[in-house]
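Student: Chains S and D, in that order, give the protein sequences.
Heads up, the final residue of the first sequence is numbered 420 in full-length UniProt numbering, and it's a clean run with no missing numbers.
Heads up, the final residue of the second sequence is numbered 284 in full-length UniProt numbering, and it's a clean run with no missing numbers.
All C-beta atoms in this analysis are idealised placements derived from N, C-alpha and C, irrespective of residue type, glycine included.
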Amino acid sequence: MSETATEQVLTTKDGRPLKASLARALRREKLRALVLIAPLLIFVLLTFVAPIADMLFRSVENSIVEDTLPQTVNALQDWDPSSGEVPGEPVFAALAADLQVAVDLKTHTRLGSRLNYEKTGISSLFRKTGRRVKKMTEPPYKEQFLKADKKWGQVDTWQTLKQFSPRYTDGYFLSSLDAERTSEGLQMKPEDEQIYLLLFGRTMMLSIAITVSCLLLGYPIAFLLAQLPLRTSNLLMILVLLPFWTSLLVRTSAWKVLLQQQGVINDFLVWIGLISDANRLVMINNQTGTIIAMTHILLPFMILPLYSVMKTISPTYVRAAKSLGATDWTAFWRVYFPQSVPGIGAGAVLVFILAIGYYITPELVGGTSGIFISNRIAYHISSSLNWGLAAALGTLLLAAVMILFIVYDKIVGIDNVKLG
Amino acid sequence: MSALPPYASTGQKVWHYTFRVACGLIFFFLIFPILVILPLSFNAQDFFTFTKEMLAFKPEGYSFKHYQDFFTNPDWQQALKNSVMIAPAATILATSFGTLAAIGLSRPHVPYRSAIMAILISPMIVPLIISAAGMYFFYSRIGLQGTYWGVVLAHAALGTPFVIITVTATLVGFDQSLVRAAASMGANPVTTFFKVQMPLIIPGVVSGGLFAFITSFDEVVVVLFLGSAGQKTLPWQMFTGLREQISPTILAVASLMVAISIVLLTVLEGLRRRSERLRGLSPG
Numbered sequence: 001m002s003e004t005a006t007e008q009v010l011t012t013k014d015g016r017p018l019k020a021s022l023a024r025a026l027r028r029e030k031l032r033a034l035v036l037i038a039p040l041l042i043f044v045l046l047t048f049v050a051p052i053a054d055m056l057f058r059s060v061e062n063s064i065v066e067d068t069l070p071q072t073v074n075a076l077q078d079w080d081p082s083s084g085e086v087p088g089e090p091v092f093a094a095l096a097a098d099l100q101v102a103v104d105l106k107t108h109t110r111l112g113s114r115l116n117y118e119k120t121g122i123s124s125l126f127r128k129t130g131r132r133v134k135k136m137t138e139p140p141y142k143e144q145f146l147k148a149d150k151k152w153g154q155v156d157t158w159q160t161l162k163q164f165s166p167r168y169t170d171g172y173f174l175s176s177l178d179a180e181r182t183s184e185g186l187q188m189k190p191e192d193e194q195i196y197l198l199l200f201g202r203t204m205m206l207s208i209a210i211t212v213s214c215l216l217l218g219y220p221i222a223f224l225l226a227q228l229p230l231r232t233s234n235l236l237m238i239l240v241l242l243p244f245w246t247s248l249l250v251r252t253s254a255w256k257v258l259l260q261q262q263g264v265i266n267d268f269l270v271w272i273g274l275i276s277d278a279n280r281l282v283m284i285n286n287q288t289g290t291i292i293a294m295t296h297i298l299l300p301f302m303i304l305p306l307y308s309v310m311k312t313i314s315p316t317y318v319r320a321a322k323s324l325g326a327t328d329w330t331a332f333w334r335v336y337f338p339q340s341v342p343g344i345g346a347g348a349v350l351v352f353i354l355a356i357g358y359y360i361t362p363e364l365v366g367g368t369s370g371i372f373i374s375n376r377i378a379y380h381i382s383s384s385l386n387w388g389l390a391a392a393l394g395t396l397l398l399a400a401v402m403i404l405f406i407v408y409d410k411i412v413g414i415d416n417v418k419l420g
Numbered sequence: 001m002s003a004l005p006p007y008a009s010t011g012q013k014v015w016h017y018t019f020r021v022a023c024g025l026i027f028f029f030l031i032f033p034i035l036v037i038l039p040l041s042f043n044a045q046d047f048f049t050f051t052k053e054m055l056a057f058k059p060e061g062y063s064f065k066h067y068q069d070f071f072t073n074p075d076w077q078q079a080l081k082n083s084v085m086i087a088p089a090a091t092i093l094a095t096s097f098g099t100l101a102a103i104g105l106s107r108p109h110v111p112y113r114s115a116i117m118a119i120l121i122s123p124m125i126v127p128l129i130i131s132a133a134g135m136y137f138f139y140s141r142i143g144l145q146g147t148y149w150g151v152v153l154a155h156a157a158l159g160t161p162f163v164i165i166t167v168t169a170t171l172v173g174f175d176q177s178l179v180r181a182a183a184s185m186g187a188n189p190v191t192t193f194f195k196v197q198m199p200l201i202i203p204g205v206v207s208g209g210l211f212a213f214i215t216s217f218d219e220v221v222v223v224l225f226l227g228s229a230g231q232k233t234l235p236w237q238m239f240t241g242l243r244e245q246i247s248p249t250i251l252a253v254a255s256l257m258v259a260i261s262i263v264l265l266t267v268l269e270g271l272r273r274r275s276e277r278l279r280g281l282s283p284g
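(1) Short of 7 Å in beta carbon distance, which residues of its chain neighbour residue 189 of chain S, apart from the five on each side in sequence? Order them along the chain.
(2) Within the chosen definition, does the stretch 281 to 300 of chain S reach the stretch 198 to 210 of chain S through at least 3 CB pairs nearer than 8 Å?
(3) Going along the chain, which residues of its own chain have a beta-carbon closer than 7 Å to the beta-carbon of residue 256 of chain S, five neighbours each way excluded?
(4) Any Cβ of chain S within less than 8 Å of the Cβ of residue 7 of chain D?
(5) Tell me which residues share the same chain as residue 123 of chain S and place their Cβ nearer than 6 Å to its Cβ, disregarding the 5 neighbours each side in the sequence.
(6) If the criterion is Cβ atoms closer than 8 Å, does the pair residue 286 of chain D and residue 39 of chain S meet it?
(7) Measuring only between beta-carbons, confirm whether residue 136 of chain S sits less than 8 Å from chain D.
(8) Would you mind sorting residue 120 of chain S into buried or exposed? The rule is 16 or more other CB atoms within 10 Å of its CB.
(9) Between which two residues does the beta strand (DSSP E) holding residue 16 of chain S run?
(10) Touching or not, the stretch 131 to 144 of chain D and the stretch 390 to 400 of chain S, by the rule of three or more beta carbon pairs under 8 Å?
(11) I want to verify the contact list: residues of chain S whose CB lies under 7 Å from the CB of residue 250 of chain D, in sequence order.
(12) Per DSSP, what are the beta-bridge partners of residue 336 of chain S in this structure?
(13) Can you tell me which of the three DSSP states residue 400 of chain S falls into?
(14) What are the boundary residues of the beta strand (DSSP E) that includes residue 185 of chain S?
(15) May I ask you to list the residues that DSSP assigns as paired with residue 43 of chain D?
(16) Taking the Cβ atom as the reference point for each residue, do residue 212 of chain D and residue 159 of chain D lie within a distance shorter than 8 Å?
(17) Taking 8 Å as the CB-CB limit, is residue 388 of chain S close to chain D?
(18) Anything in chain S within Cβ reach of residue 151 of chain D, meaning under 9 Å, just list it in chain order.
(19) Residue 245 of chain S and residue 177 of chain D - do their beta-carbons sit closer together than 8 Å?
(20) Is the shortest distance between the beta-carbon of residue 66 of chain D and the beta-carbons of chain S less than 8 Å?
(21) If we count Cβ pairs, one from each stretch, closer than 8 Å, do we get three or more for the stretch 226 to 238 of chain D versus the stretch 72 to 84 of chain D?
(22) So with Cβ pairs under 8 Å, would you call residue 264 of chain D a contact of chain S?
(23) Could you have a look at residue 94 of chain S and say whether DSSP puts it in helix, strand or coil?
(24) Output the residue ranges of the alpha helix (DSSP H) runs that lie fully inside the stretch 97 to 135 of chain D and measure 4 residues or longer, sorted by chain position.
(25) Are the C-beta atoms of residue 208 of chain S and some chain D residue less than 8 Å apart?
(26) Going residue by residue through the stretch 71 to 145 of chain S, where are the continuous alpha helix (DSSP H) segments of at least 4 residues, counting only ones entirely within it?
(27) From residue 254 of chain D to residue 220 of chain S, what distance separates their C-alpha atoms?
(28) Below 8 Å between beta carbons is the criterion; list the residues of the stretch 100 to 113 of chain D that meet it against any residue of chain S, in chain order.
(29) Can you find at least 3 beta carbon pairs, one from the stretch 216 to 225 of chain D and one from the stretch 143 to 157 of chain D, that sit closer than 8 Å?
(30) Can you pull the chain S residues whose beta carbon is under 8 Å from the beta carbon of residue 209 of chain D, in chain order?
(31) Could you pull out every residue in the same chain whose Cβ sits closer than 7 Å to the Cβ of residue 1 of chain S, ignoring the five residues on either side in sequence?
(32) Count the other CB atoms, across all protein chains shown, that sit within 10 Å of the CB of residue 311 of chain S; report buried if there are 16 or more and exposed otherwise.
(33) Cβ closer than 7 Å: which chain S residues qualify as neighbours of residue 267 of chain D?
(34) Which class does residue 61 of chain S belong to by DSSP, given the choice of helix, strand or coil?
(35) Which first and last residues belong to the alpha helix (DSSP H) in which residue 157 of chain S is found?
(36) From residue 23 of chain S to residue 172 of chain S, what does the alpha carbon distance come to, in whole angstroms?
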């Protein structure tokens with residue numbers, strides 16, 4: 001230690017200032033931690049985060065029109081759809097030139113199916129015109145196009161083409177919200193074509209129903225487990241953990257077997273005479289099936305957080321309340337229940353997050369009335385091949401889950417997620 | 001609640017037993033669907049319900065034919081083989097990356113800790129259908145869609161959060177001075193890791209690995225999109241079976257999988273106890 005005032009700076013043995021030396025050690029420590037984390041971080045970024053980012057990008061990406069018909073898009077810039085007139089000869093000339101290239105590359109059918117999502121009939125229009133365009137060598141092109149298909153003389157067709165010519169579009173998002181852009185501006189689709197808002201609404205309603213029934217069934221169980229002596233509650237816990245660990249498909253198959261019209265539950269009800277053989281209950285391929293099966297599947301996710309919170313509630317508070325003259329109900333409702341609310345929050349948000357993204361169970365036991373938005377996403381990926389719309393629906397669902405997750409993080413905290 | 005006091009009123013007694021019965025019914029709801037498939041899988045008929053012979057406990061009502069079908073049918077055998085090929089590879093990837101990262105995350109000074117944690121946990125939070133959609137789009141761009149490695153990488157990513165969570169939980173009770181003691185006696189970081197740290201956190205690593213394994217082994221949504229016919233796993237085969245022609249072989253497979261879950265559950269419980277004992281959290 002230095003005695004003079006000028007040498008107040010503490011140094012380490014090798015003469016460096018202590019502060020700098022400590023800072024260096026801290027930096028090294030941080031770096032070491034990062035080096036350990038880096039492999040997984042890179043792995044997750046590449047295999048998981050990049051795909052999600054790709055999906056977000058796909059929900060607005062729309063370069064196919066400009067890539068396939070570059071000259072037409074350029075020529076269409078001066079055309080005003082509100083004029084009510086079909087574009088002039090230069091646009092048709094550009095279209096002819098573009099299509100001749102596209103037909104050689106066979107990209108015009110892909111563009112046709114892309115635009116068909118926005119306006120039905122365009123796919124066949126492009127196919128039909130594609131077959132004729134080779135013969136169009138001389139102007140005037142407009143006349144020949146109109147002869148090939150009357151639709152080229154309709155303002156609607158051109159409006160769709162112009163509307164989807166930019167590289168980025170909000171069209172997929174509008175479709176996922178049942179809206180569309182018409183010549184009169186933004187408006188909702190006709191009522192009989194609205195499906196997604198209904199589906200989002202139904203996903204919400206069913207998820208809420210599942211969360212509520214999980215809570216109603218889970219709360220008493222968690223309460224009982226928290227009250228019983230550890231030895232008994234550990235034994236009973238097996239009844240909760242075994243379903244938790246059993247494959248999702250096993251449980252879904254079990255419900256399929258149980259709920260069928262010729263299944264175990266209906267057979268039993270007929271046998272005890274509650275229902276007649278002719279009126280077997282329809283419990284599968286509808287919303288009832290989805291709610292029952294998913295409540296069973298998600299129930300452990302409600303019980304476990306509730307139990308871990310209830311375990312920490314000291315029994316002395318309830319005893320104190322009772323000794324002060326509270327009835328059992330008052331002691332529970334005014335003293336015990338408020339302390340268990342964090343557990344309810346954690347369990348409910350967790351179950352709800354898991355429920356709104358479910359795919360397998362609704363697909364197998366939901367029929368047509370019990371399916372979720374995720375089933376529609378799957379349909380667009382594998383059957384209708386409208387990937388952009390699937391991506392937009394997925395983005396909206398992801399946004400909903402993220403908001404809920406932030407709520408969950410506020411209630412429980414990411415670090416406090418526990419398993420089993 | 002645990003025991004009814006002798007001075008309990010009639011109302012309290014009624015409530016006590018009603019509550020117990022209600023809880024019993026809920027436990028029944030939880031466990032019955034899993035137990036019911038076990039006897040049904042021995043059905044001699046191709047039905048999904050109890051036949052008269054089964055209810056009368058006649059031996060001719062029961063048979064092993066669905067199990068036989070599972071072990072001889074080439075579709076199911078291929079599916080089993082694929083599952084056994086994919087799940088361990090995904091588990092090894094997830095466990096090794098996950099354990100390293102968990103050790104890093106448990107150090108006292110980690111910059112951007114919560115942001116990193118959020119990214120690493122995200123595969124567990126994002127709904128599977130969204131992960132599957134994104135991976136399908138992205139992996140088909142880079143040519144991994146429909147390949148073995150595509151499925152393995154995807155499953156490994158889905159399994160890592162479980163490894164992180166279990167291993168960080170084990171590390172909470174880990175005494176960092178043990179590492180310093182080892183270093184002061186001249187052990188290099190690698191030796192310290194394998195000789196001191198690893199034996200103490202191994203229960204967490206193994207249970208994380210089991211979680212990762214079961215995630216991959218049970219996973220169906222992602223493999224449905226990412227895999228091609230060559231990667232058809234057991235859950236996938238069950239899914240198509242349930243959706244198209246439902247055959248009772250599914251019940252035999254399901255019963256075998258319940259048996260696997262029971263084994264896993266037992267191992268995990270044992271590990272949890274061992275870990276608590278090692279960390280001195282509970283007296284044996």
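Tutor: On the basis of the coordinates in this document:
(1) Same-chain partners within the cutoff: 178, 179 and 180.
(2) yes
(3) 284, 364 and 365
(4) no
(5) 112, 113 and 116
(6) The displayed coordinates of chain D run from 1 to 284. Any statement about residue 286 of chain D would go beyond what the structure contains.
(7) no
(8) exposed
(9) Element bounds for residue 16 of chain S: n/a, residue is neither H nor E.
(10) Contact between the stretch 131 to 144 of chain D and the stretch 390 to 400 of chain S is established, with three or more Cβ pairs separated by less than 8 Å.
(11) 253
(12) None; residue 336 of chain S has no bridge partner.
(13) helix
(14) 185 to 188
(15) BP columns for residue 43 of chain D point to D/62.
(16) A contact, by the Cβ cut-off of 8 Å.
(17) Not a single C-beta of chain D is nearer than 8 Å to the C-beta of residue 388 of chain S.
(18) Ordered by position in chain S, no residue passes the 9 Å Cβ test against residue 151 of chain D, which lies about 11 Å from the chain.
(19) no
(20) no
(21) yes
(22) Yes, residue 264 of chain D lies at the interface with chain S (some Cβ there is under 8 Å from its Cβ).
(23) helix
(24) Annotation note: the stretch 97 to 135 of chain D contains the following uninterrupted alpha helix (DSSP H) runs of length 4 or greater, listed N- to C-terminal: 113 to 125.
(25) no
(26) 89 to 105, 108 to 116 and 122 to 132
(27) Taking the straight line from one Cα to the other gives about 29 Å.
(28) Those residues of the stretch 100 to 113 of chain D that come within reach of chain S (Cβ to Cβ, closer than 8 Å) are 100, 101, 103, 104, 105, 107, 108, 109, 110 and 111.
(29) yes
(30) Residues of chain S passing the Cβ test: none, with the nearest at roughly 13 Å.
(31) The predicted model places residue 1 of chain S with a pLDDT of 46, which falls under 50 and marks its position as unreliable; any figure quoted below should be read in that light. Annotation for residue 1 of chain S: no residue places its beta carbon closer than 7 Å to its own, counting only its chain and skipping 5 residues before and after.
(32) exposed
(33) None at all; the shortest Cβ gap to chain S is about 11 Å.
(34) strand
(35) 155 to 163
(36) 51 Å
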